[in-house]
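Residue numbers (this note's numbering), protein chains in the order written: chain X, 1 to 387; chain H, 1 to 175.
Working notes for the structure below.
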Amino acid sequence: MVMISQRNPLSSSTSKMSKLTTSSSELDLDRPNIEDYLPTDSIPQPHAKLRLRDLLDISPTLTEAAGAIVDDSFTRCFKSNPPEPWNWNIYLFPLWCLGVVVRYGILFPGRVLILTIGWIIFLSCYIPVHVLLKGHDKLRKRLERALVELICSFFVASWTGVVKYHGPRPCARPKQVFVANHTSMIDFIVLEQMTAFAVIMQKHPGWVGLLQSTILESVGCIWFNRSEAKDREIVARKLREHVEGYDNNPLLIFPEGTCVNNHYTVMFKKGAFELGATVCPIAIKYNKIFVDAFWNSRKQSFTTHLLQLMTSWAVVCDVWYLEPQNMKPGETAIAFAERVRGIISARAGLKMVPWDGYLKYSRPSPKHRESKQKSFAESVLLRLEEK
Amino acid sequence: MGSASSTLTQYDIEDVQQHCNNLFSQQEIVSLYKRFCQLDRTAKGFISADEFLSVPEFAMNPLSQRLLKMVDGLNFKDFVIFLSAFSAKASMPQKIEIIFKVYDSDYNGKVTFKDIMEVLRDLSGSYMSDKQIEEVLIKVMQEAGYSKDSSLLLDDFVKILEHPGLKMEVEVPVD
Numbered sequence: 001m002v003m004i005s006q007r008n009p010l011s012s013s014t015s016k017m018s019k020l021t022t023s024s025s026e027l028d029l030d031r032p033n034i035e036d037y038l039p040t041d042s043i044p045q046p047h048a049k050l051r052l053r054d055l056l057d058i059s060p061t062l063t064e065a066a067g068a069i070v071d072d073s074f075t076r077c078f079k080s081n082p083p084e085p086w087n088w089n090i091y092l093f094p095l096w097c098l099g100v101v102v103r104y105g106i107l108f109p110g111r112v113l114i115l116t117i118g119w120i121i122f123l124s125c126y127i128p129v130h131v132l133l134k135g136h137d138k139l140r141k142r143l144e145r146a147l148v149e150l151i152c153s154f155f156v157a158s159w160t161g162v163v164k165y166h167g168p169r170p171c172a173r174p175k176q177v178f179v180a181n182h183t184s185m186i187d188f189i190v191l192e193q194m195t196a197f198a199v200i201m202q203k204h205p206g207w208v209g210l211l212q213s214t215i216l217e218s219v220g221c222i223w224f225n226r227s228e229a230k231d232r233e234i235v236a237r238k239l240r241e242h243v244e245g246y247d248n249n250p251l252l253i254f255p256e257g258t259c260v261n262n263h264y265t266v267m268f269k270k271g272a273f274e275l276g277a278t279v280c281p282i283a284i285k286y287n288k289i290f291v292d293a294f295w296n297s298r299k300q301s302f303t304t305h306l307l308q309l310m311t312s313w314a315v316v317c318d319v320w321y322l323e324p325q326n327m328k329p330g331e332t333a334i335a336f337a338e339r340v341r342g343i344i345s346a347r348a349g350l351k352m353v354p355w356d357g358y359l360k361y362s363r364p365s366p367k368h369r370e371s372k373q374k375s376f377a378e379s380v381l382l383r384l385e386e387k
Numbered sequence: 001m002g003s004a005s006s007t008l009t010q011y012d013i014e015d016v017q018q019h020c021n022n023l024f025s026q027q028e029i030v031s032l033y034k035r036f037c038q039l040d041r042t043a044k045g046f047i048s049a050d051e052f053l054s055v056p057e058f059a060m061n062p063l064s065q066r067l068l069k070m071v072d073g074l075n076f077k078d079f080v081i082f083l084s085a086f087s088a089k090a091s092m093p094q095k096i097e098i099i100f101k102v103y104d105s106d107y108n109g110k111v112t113f114k115d116i117m118e119v120l121r122d123l124s125g126s127y128m129s130d131k132q133i134e135e136v137l138i139k140v141m142q143e144a145g146y147s148k149d150s151s152l153l154l155d156d157f158v159k160i161l162e163h164p165g166l167k168m169e170v171e172v173p174v175d
């Protein structure tokens with residue numbers, strides 16, 4: 001089980017690993033040193049003579065492996081937590097059945113209707129504005145922004161979204177970037193209905209991709225492809241350009257890089273924190289009592305996820321706009337990212353775990369295993385010299 | 001939670017408990033079942049190597065490939081039996097036995113010099129040369145009274161590791 005408390009992760013207890021120096025150039029600099037969080041390996045007491053017993057005793061390594069099989073903090077981040085079923089007895093069950101009838105028979109059609117009306121209004125305004133006002137960029141942008149906020153409000157209404165916003169509303173200023181924790185793609189819609197952000201998103205296939213390339217393009221969104229490694233530099237450049245531009249919509253970034261189940265936060269990618277801009281954290285917490293808003297992309301498509309939301313009673317959430325943060329002198333981008341993650345997690349009541357969200361899609365880098373092997377080798381060789 | 005809709009009956013729990021010699025409580029077995037279903041994403045009744053490796057903490061472990069050979073394809077009952085060696089209630093010989101099994105990769109009941117060298121290779125990676133490993137191993141084995149050609153049996157392991165014993169316990173989280 002691996003958890004970290006909210007302390008400065010970079011005040012790494014290198015004394016714990018006294019003889020085992022891991023030069024940071026060997027480790028991936030994109031995230032904090034994971035070895036600082038994981039339990040110490042089989043480090044026999046230094047300065048004691050090496051015996052056969054010490055070499056044969058692999059119990060610490062086995063314990064770690066078995067511990068990971070039994071429970072690990074990474075898998076827990078992506079576990080769906082549906083609300084507890086309450087329909088378990090003879091009085092509540094008919095009530096629940098009635099609830100199902102109301103939700104699927106009355107609410108759902110009503111919501112579909114609202115959404116359809118919303119789309120009709122939106123498209124009938126957006127298309128003319130987009131086509132006819134080609135020359136008047138400023139006015140066109142303003143109108144398109146207002147229209148995007150409108151269609152997002154329709155979306156939120158279609159799930160009976162009850163969103164409470166706390167804190168000062170974001171304003172469009174240059175050299176600032178907004179970061180938020182990520183639970184589902186609806187995070188973007190919930191935030192967008194209040195302020196027309198430009199967002200950086202993974203390019204999706206299907207109807208979502210279509211929306212991304214047409215409408216979201218107008219608010220100034222940036223696309224990337226997780227699987228393309230070279231993409232990173234291009235994206236970093238685009239981010240910097242956007243942030244420095246005067247006329248652009250405020251930029252929203254989800255530094256976790258993937259959807260997490262709203263009980264934990266995974267490590268933030270440092271990209272948003274090295275743009276030389278002020279970082280304004282936003283914390284989002286969904287109230288699970290009506291529906292679990294976590295989009296488990298391994299289990300359901302976005303369409304299924306939306307339908308699930310539309311047949312629930314309500315989507316209730318809190319959004320906190322927190323105090324803007326600047327990089328402190330001498331602070332690295334990674335430390336800055338962790339500090340902001342601490343602020344967001346504290347506000348939304350989420351536990352921090354030291355894992356990279358992208359491990360959902362790929363195996364851990366061999367560097368972690370290599371560093372364990374290095375510590376083992378060094379301790380054996382050191383003890384060998386003891387007589 | 002995993003996709004398995006089948007729930008464990010009281011009979012199932014008692015059966016599994018009996019098979020692991022009561023080393024886990026019934027609540028722990030229920031938790032282990034939930035975990036089993038969570039890892040077995042396609043509800044096949046066993047967890048594949050790939051699914052084990054999707055747990056980053058496990059994949060990073062230097063002995064993961066050896067352990068995979070022991071746990072790949074196990075059904076739930078055998079999964080619990082495997083993990084029972086890590087219970088706090090398990091006896092020292094039981095824990096030593098599982099360590100023995102990790103070394104004895106060809107299951108012939110004997111651990112040779114070569115077998116130990118292979119495990120040490122896994123543990124030290126590219127940071128110790130074969131020559132260094134051989135040197136260290138010959139030295140400590142001679143001091144313990146074994147030669148390069150000796151094969152160690154389970155009893156030898158018990159003798160070596162029994163005192164002062166080892167701590168190899170995993171806690172099963174119970175909601």
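Backbone N, C-alpha and C fix where the C-beta goes; we use that ideal spot for every residue, glycine too.
Kindly provide the ranges of any beta strand (DSSP E) runs that are 3 or more residues long and lie completely inside the region 72-160 of chain X, ordered along the chain.
Runs of the beta strand (DSSP E) lying entirely within the region 72-160 of chain X, each at least 3 residues long, are absent.
By the criterion of Cβ-Cβ separation under 7 Å, what are the contact partners of residue 357 of chain X in chain H?
Position 357 of the first sequence, counted from the first residue, corresponds to residue 357 of chain X. Ordered by position in chain H, no residue passes the 7 Å Cβ test against residue 357 of chain X, which lies about 11 Å from the chain.
State the start and end residues of the unbroken beta strand (DSSP E) segment that holds residue 283 of chain X.
Mapped onto the first sequence, residue 283 of chain X falls at position 283. Looking at the DSSP string, the run of the beta strand (DSSP E) that includes residue 283 of chain X is 278-287.
When Cβ atoms are compared, which residues of the region 348-375 of chain X fall closer than 7 Å to chain H?
Under the 7 Å Cβ criterion, the region 348-375 of chain X contributes 355, 359, 363, 364, 368, 369, 370, 372, 373, 374.
Hey, is residue 83 of chain X's beta-carbon within less than 8 Å of any beta-carbon in chain H?
Within the first sequence, numbered from 1, the residue matching residue 83 of chain X stands at position 83. Residue 83 of chain X does not count as touching chain H.
Residue 113 of chain H CB to nearest chain X CB: under 8 Å?
Here residue 113 of chain H refers to the residue found at position 113 when the second sequence is read from its first residue. Closer than 8 Å: no.
So for residue 265 of chain X, helix, strand or coil by DSSP?
The residue given as residue 265 of chain X occupies position 265 in the first sequence. Three-state result, residue 265 of chain X: strand.
From which residue to which residue does the alpha helix (DSSP H) around residue 131 of chain H run?
Within the second sequence, numbered from 1, the residue matching residue 131 of chain H stands at position 131. Element bounds for residue 131 of chain H: 130-143.
Straight-line CA distance for residue 55 of chain X to residue 120 of chain H?
Here residue 55 of chain X is taken as the residue at index 55 of the first sequence, counted from 1. Here residue 120 of chain H is taken as the residue at index 120 of the second sequence, counted from 1. If you take the alpha carbons of residue 55 of chain X and residue 120 of chain H, they lie about 8 Å apart.
From X:188, X:359, X:117, X:147, pick the residue whose C-alpha is nearest to that of residue 295 of chain X; which is it?
By 1-based counting over the first sequence, the position of residue 295 of chain X is 295. Considering only alpha carbons, the answer is X:188.
Using a Cβ-Cβ cut-off of less than 7 Å, give me the residues of the region 49-77 of chain X that come near chain H, in sequence order.
50, 51, 52, 53, 55, 56, 57, 58, 59, 61, 62, 63, 64, 65, 66, 67, 68, 69, 70, 71, 72, 74, 75
Kindly indicate which residue of X:159, X:93, X:71, X:152 has the alpha-carbon position closest to the one of residue 316 of chain X.
Walking along the first sequence from the start, residue 316 of chain X turns up at place 316. The shortest C-alpha separation from residue 316 of chain X is found at X:159.
Do we get a CB-CB distance below 8 Å when we pair residue 16 of chain H with the residues of chain X?
For this step, residue 16 of chain H is matched to residue 16 along the second sequence. Closer than 8 Å: no.
If distances are taken between C-alpha atoms only, which option among X:350, X:338, X:252, X:239 comes closest to residue 260 of chain X?
Taking the first residue of the first sequence as position 1, residue 260 of chain X is located at position 260. For residue 260 of chain X, the nearest C-alpha among the options comes from X:350.
Taking 8 Å as the cut-off, decide whether the C-beta atoms of residue 279 of chain X and residue 190 of chain X are in contact.
Indexing the first sequence from 1 puts residue 279 of chain X at position 279. Indexing the first sequence from 1 puts residue 190 of chain X at position 190. Contact flag unset, no.
Roughly how many whole angstroms lie between the Cα atoms of residue 126 of chain H and residue 374 of chain X?
The residue you call residue 126 of chain H lines up with position 126 of the second sequence. The residue you call residue 374 of chain X lines up with position 374 of the first sequence. Computed Cα separation, rounded: 8 Å.
How far does the alpha helix (DSSP H) with residue 24 of chain H in it reach, from first residue to last?
Position 24 of the second sequence, counting from 1, holds the residue named residue 24 of chain H. Element bounds for residue 24 of chain H: n/a, residue is neither H nor E.
Got a sec? Which residues, its chain only, sit under 8 Å from residue 299 of chain X by beta carbon, not counting five neighbours each side?
The residue given as residue 299 of chain X occupies position 299 in the first sequence. Excluding residues within five positions, the ones whose Cβ falls inside 8 Å are 80.
By DSSP's criteria, residue 321 of chain X is part of a beta bridge. Which residues make up the other side?
Here residue 321 of chain X is taken as the residue at index 321 of the first sequence, counted from 1. X:282, per the DSSP bridge assignment.
With burial defined as no fewer than 16 other Cβ atoms inside 10 Å of the residue's Cβ, what is the status of residue 16 of chain H: buried or exposed?
Taking the first residue of the second sequence as position 1, residue 16 of chain H is located at position 16. By the 10 Å Cβ count, residue 16 of chain H comes out buried.
List the residues of chain H that residue 384 of chain X touches, going by C-beta distances under 8 Å, in chain order.
Position 384 of the first sequence, counted from the start, is the residue given in the question as residue 384 of chain X. Near residue 384 of chain X (Cβ distances below 8 Å), the residues of chain H are 136, 139.
Compile a chain-ordered list of the residues in the region 160-189 of chain X whose CB is closer than 9 Å to at least one CB of chain H.
none
Going by beta-carbon coordinates alone, are residue 176 of chain X and residue 255 of chain X separated by less than 8 Å?
The residue labelled residue 176 of chain X in the question sits at position 176 within the first sequence. The residue labelled residue 255 of chain X in the question sits at position 255 within the first sequence. No, they are not a contact pair.
Does the beta-carbon distance from residue 253 of chain X to residue 200 of chain X come in below 8 Å?
Here residue 253 of chain X refers to the residue found at position 253 when the first sequence is read from its first residue. Here residue 200 of chain X refers to the residue found at position 200 when the first sequence is read from its first residue. For residue 253 of chain X and residue 200 of chain X, yes; Cβs fall inside 8 Å.
Which residues does DSSP list as the beta-bridge partners of residue 107 of chain H?
For the purposes of this step, residue 107 of chain H is identified with residue 107 of the second sequence, where counting begins at 1. For residue 107 of chain H, which the question treats as bridged, DSSP gives no partner whatsoever.
Under 8 Å, Cβ to Cβ, is there at least one residue of chain X near residue 45 of chain H?
Walking along the second sequence from the start, residue 45 of chain H turns up at place 45. Not an interface residue.
Considering only their Cβ atoms, is the gap separating residue 291 of chain X from residue 83 of chain X smaller than 8 Å?
Start at 1 with the first residue of the first sequence, and residue 83 of chain X comes out as number 83. Start at 1 with the first residue of the first sequence, and residue 291 of chain X comes out as number 291. Taking 8 Å as the Cβ cut-off, residue 83 of chain X and residue 291 of chain X qualify as a contacting pair.
Taking residue 293 of chain X as the query, report the chain H residues whose CB atoms sit under 9 Å from its CB, ordered along the chain.
The residue you call residue 293 of chain X lines up with position 293 of the first sequence. Ordered by position in chain H, no residue passes the 9 Å Cβ test against residue 293 of chain X, which lies about 17 Å from the chain.
Per DSSP, which residues does residue 352 of chain X bridge with? Please list them.
Your numbering for residue 352 of chain X matches position 352 in the first sequence. Bridge partners of residue 352 of chain X: X:265.
Given residue 11 of chain H, which residues of its chain have a CB within under 7 Å of its CB, disregarding the five upstream and five downstream residues?
Position 11 of the second sequence, counting from 1, holds the residue named residue 11 of chain H. Nothing meets the Cβ criterion.
For residue 235 of chain X, which residues of its own chain have a beta-carbon under 6 Å away from its beta-carbon, when the five flanking residues on both sides are left out?
As a first step, residue 235 of chain X is located in the first sequence; it is residue number 235 there, counting from the start. Answer for residue 235 of chain X: 224, listed in chain order.
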